[in-house]
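Okay, structure first, notes after.
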Amino acid sequence: MSPTGRLYGVGVGPGDPELLTVKAARLIAEADVVAYYSARHGRSIARSIAEGLLREHHVEEPLVYPVTTEDTDDPGGYEGVIRQFYDDSAERLAVHLAAGRTVVVLCAGDPMFYGSYMYLHERLAHRFPAEVVPGVTSVSAASAVLGRPLVERDEVLTILPGTLSAEELSRRLADTDAAAVLKLGRTFDNVRAALDDAGRLPETWYVERATSSRSRHAPLADVPADEVPYFSLAMLPSPTSAAARDDLPAPAPTTGRGEVTVVGLGPAGPRWLTPEVARALREAEHLVGYGPYVDRVPARPGQQRHTSGNQVETERAAHALELALDGARVVVVSSGDPGVFAMASAVYEVATGQPRFAGVPVRVLPGLTAAQAAASRIGAPLGHDFAVMSLSDRLKPWPVIESRLAAASAADLVLALYNPASASRRWQVGAAKDVLLRHRDPKTPVVVARDVGRPGEKITVVSLGDLDPETVDMKCLLIIGSSTTQVSTRGDDSVVVWTPRTYPA
Numbered sequence: 000m001s002p003t004g005r006l007y008g009v010g011v012g013p014g015d016p017e018l019l020t021v022k023a024a025r026l027i028a029e030a031d032v033v034a035y036y037s038a039r040h041g042r043s044i045a046r047s048i049a050e051g052l053l054r055e056h057h058v059e060e061p062l063v064y065p066v067t068t069e070d071t072d073d074p075g076g077y078e079g080v081i082r083q084f085y086d087d088s089a090e091r092l093a094v095h096l097a098a099g100r101t102v103v104v105l106c107a108g109d110p111m112f113y114g115s116y117m118y119l120h121e122r123l124a125h126r127f128p129a130e131v132v133p134g135v136t137s138v139s140a141a142s143a144v145l146g147r148p149l150v151e152r153d154e155v156l157t158i159l160p161g162t163l164s165a166e167e168l169s170r171r172l173a174d175t176d177a178a179a180v181l182k183l184g185r186t187f188d189n190v191r192a193a194l195d196d197a198g199r200l201p202e203t204w205y206v207e208r209a210t211s212s213r214s215r216h217a218p219l220a221d222v223p224a225d226e227v228p229y230f231s232l233a234m235l236p237s238p239t240s241a242a243a244r245d246d247l248p249a250p251a252p253t254t255g256r257g258e259v260t261v262v263g264l265g266p267a268g269p270r271w272l273t274p275e276v277a278r279a280l281r282e283a284e285h286l287v288g289y290g291p292y293v294d295r296v297p298a299r300p301g302q303q304r305h306t307s308g309n310q311v312e313t314e315r316a317a318h319a320l321e322l323a324l325d326g327a328r329v330v331v332v333s334s335g336d337p338g339v340f341a342m343a344s345a346v347y348e349v350a351t352g353q354p355r356f357a358g359v360p361v362r363v364l365p366g367l368t369a370a371q372a373a374a375s376r377i378g379a380p381l382g383h384d385f386a387v388m389s390l391s392d393r394l395k396p397w398p399v400i401e402s403r404l405a406a407a408s409a410a411d412l413v414l415a416l417y418n419p420a421s422a423s424r425r426w427q428v429g430a431a432k433d434v435l436l437r438h439r440d441p442k443t444p445v446v447v448a449r450d451v452g453r454p455g456e457k458i459t460v461v462s463l464g465d466l467d468p469e470t471v472d473m474k475c476l477l478i479i480g481s482s483t484t485q486v487s488t489r490g491d492d493s494v495v496v497w498t499p500r501t502y503p504a
C-alpha cells in the first residue's frame, strides 16, 4: 500500500518573490506536485511569484477557474459552478495525495486570507495530512509600500471586501480608525462612493499589486476607475500616523468659512451612533460640549476639545459660534438627539439672537433619542400617540410643567418623561405622580428605564399607583402608559409593554 501524501497550502506573498518565507521556498522545492489557480488565459499570479523555484521534476496542476465573475448562464448559477469546480479540483489533487505524492498549492498572499486554498483545505484536510504555511498579506504589503502604520496603540483596523453594498461599507468605514478594502476592480466606484459618504476619501490611499514589479500607489481620489484591477486595495492607514505627516492624502483643508454642526451621540455607545454623525466628528477641528459627552468621542490627533459643565448651554453655544466665525469646523455634541432637550435650540438661540453670527452656517444631525432606546428595551410602549416632556423646572416654572402634564394625561397620551429627578430635585416625581393619578388608572403601566445602553442598564415595569419616587433619579427615563397600553408575559417569561396602534372609538 502506498504511503499517503501530504497537502500544503503555501502563501507566496503579495508579489515580490523575495517575500516568500524560508519554509515556503523549501516546501515548493521539495514538492512532487505544484498546483495553482489561474484564469482561462492560463496565467497565474501565484505561479509567477514562485516561478524561480519550479523545476523539471515538478508536476504542475493548473486549476483553471471556469468563471471569473458571478455572471454566468449556467442553470446552477455562479455558486453551483464554482462549488463544482472546487469539488473537481480537490479530487484531482486527491489522486496525487492517494498515490503518496506531496502536493503544494500556491496561494498569492496568505492561504487563509480571502484565499481560494481554503476551499480545497475543507474538502481534503480530513482525508489527508494537511498544513497551512502563512504568507505576507496584501494588506501588510500595502502598508509597507506606503510606509505608513496600519494601526497604533489601541486603534481599530477593519478589513472589508469591496463587494459589500455602498451603505454597509460607509457604515463600517465611518466606525473605524483604520481600514483596508480589498477586491476593488469592478467594485471601485462603489467603494469610492462609500469612502466619500463616510468622510474618509481624502485620507485614503490606493495601492495596486503591492511589492510586485508593477506596483503603484496614489491618493485614491485621484485614481480613474477604468485603471483599477482586481488585485488592488484601498487603505486608510493609522490616523495617528497620518496626522504627523504632511504628504498626501491629507484631511481636507479649512476653507476659511467655518460652520457649527450640532450632533446627537445617541443615548449610549457607538452602536447607536449614526454614520453621518461619525463623519462629522471625524472631520471636526473642534469639539464642544458637556464634559461627559465629549469624553464619549474618541480623541483624534489635532482635534481640540472644549468641555464645560451641564448648565452653561448658552455660553457653550456662543463659544462654538465664535470658533466657527474664525473659520473652524466645529461640532457641538449632545447625548441622544440634539433637538430633544439638548444643544440644538441653544445654538440657534445664540446664532439668531446675535447679529455677528448671522453668517455662520449651523446644521443639526439627528441621533437616537433616549425615549426610543428605552422603549425598544421593553417592547413598543410608544406604539401610538405620545408626548415627550422634561420634569426639570430649571428652565421653565413648575406650574407650566404641571399644566402640561395634566393636559397630556387628560388627552390619554403615552408620556415619556425626561430629567425626572436629580440630587437637588427630589420632589418633582412625586408631584408629577399626583397629577397623573387625577387622570390615569393607578394600574397604568410605568416603565422605569435606567442607564439604557450602559453596563448598569435596568428596565423595571411598575404600576403608576406603586411607583416609588425615591427609586427615580437623573439616570432614569419614565414612560407612562395610556389607557390602552398593555403589559404581556411572553413564552420565555419576559415582560413586554406595548401600546396598540388602534384606539377605541
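Take the sequence shown: its position 141, counted from the start at 1, is 140 in numbering that gives the first Met the number 0, and no numbers get skipped.
Glycine included, each C-beta is placed from N, C-alpha and C at the ideal position.
DSSP places Arg199 outside both helix and strand once states are collapsed to three, so it counts as coil. Per DSSP, Arg122 is one residue of the alpha helix (DSSP H) stretching across Tyr116 to Leu123.
If you compare the alpha carbons of Gly12, Glu78, Gly99 and Val103 with that of Ala30, the shortest gap goes to Val103.
Looking at Leu264, Leu272 and Pro274, the one whose alpha-carbon comes closest to that of Val287 is Leu264. Partner residues in the beta bridge of Thr488, as assigned by DSSP, are Val494.
Between Val445 and Ile478, the C-beta gap is smaller than 9 Å, which places the two residues in contact. Here the C-alpha atom of Met388 lies approximately 12 Å from the C-alpha atom of Ala406.
Checking the DSSP bridge columns, you'll see Phe385 partnered with Val413. In this chain, the alpha helix (DSSP H) harbouring Ala374 covers Ala369 to Ile377. Within the stretch 121-178, the complete alpha helix (DSSP H) runs of at least 4 residues fall at 137-145 and 165-173. Its chain contains Lys432 and Val445 as the residues whose beta carbon lies nearer than 7 Å to that of Leu466, once the 5 sequence neighbours on both sides are disregarded; these appear in chain order.
The straight-line gap separating the alpha-carbon atoms of Val359 and Ser344 is approximately 15 Å. Separation of Asp491 and Leu404 (C-alpha to C-alpha, rounded to the nearest whole angstrom) is 36 Å.
About 12 Å separates the beta carbon of Gly108 from that of Ala23, a gap too long to meet the 8 Å contact definition. Straight through space, the alpha carbons of Val331 and Met111 are spaced by roughly 44 Å. Beta bridge pairing from DSSP links Tyr7 with Val103 and Glu130. Taken atom to atom, the span from the alpha-carbon of Ala386 to that of Ser307 is near 30 Å. Here DSSP, grouped into helix, strand and coil, assigns Arg355 to helix.
Cβ-Cβ separation between His95 and Gly4: approximately 6 Å, consistent with a contact (criterion under 8 Å).
The stretch 355-370 makes contact with the stretch 257-276; the number of CB pairs closer than 8 Å reaches 3 or more. Taking C-alpha positions only, Glu17 is separated from Thr157 by approximately 28 Å.
Cβ neighbours of Thr459 within its own chain (closer than 6 Å, five residues either side excluded): Val447. Residue Ala97 holds the alpha-carbon nearest to the alpha-carbon of Pro128 among Ala97, Ala357 and His57. Close CB contacts of Ala277 within its chain, under the 7 Å cut and outside five residues either way in sequence, are with Ala173 and Asp174 (chain order). With a contact defined as Cβ atoms closer than 8 Å, Arg328 and Ala283 qualify at about 5 Å.
In the three-state DSSP reduction, Pro65 falls in the coil class, being neither helix nor strand. The residues Pro441, in chain order, have a CB closer than 6 Å to that of Gly464 in the same chain once the five nearest residues on each side in sequence are set aside. Separation of Val132 and Glu226 (C-alpha to C-alpha, rounded to the nearest whole angstrom) is 33 Å. DSSP places Glu17 outside any alpha helix (DSSP H), giving it a letter other than H or E. Contact between Trp271 and Ala372 holds: their C-beta atoms lie close to 7 Å from each other, under 8 Å.
Taken atom to atom, the span from the alpha-carbon of Glu78 to that of Ala177 is near 32 Å.
With fewer than 16 neighbouring CB atoms inside 10 Å of its own CB, Thr470 falls in the exposed class.
By the C-beta density criterion, Trp204 is buried, having at least 16 other C-beta atoms within 10 angstroms. For Arg91, the three-state secondary structure derived from DSSP is helix.
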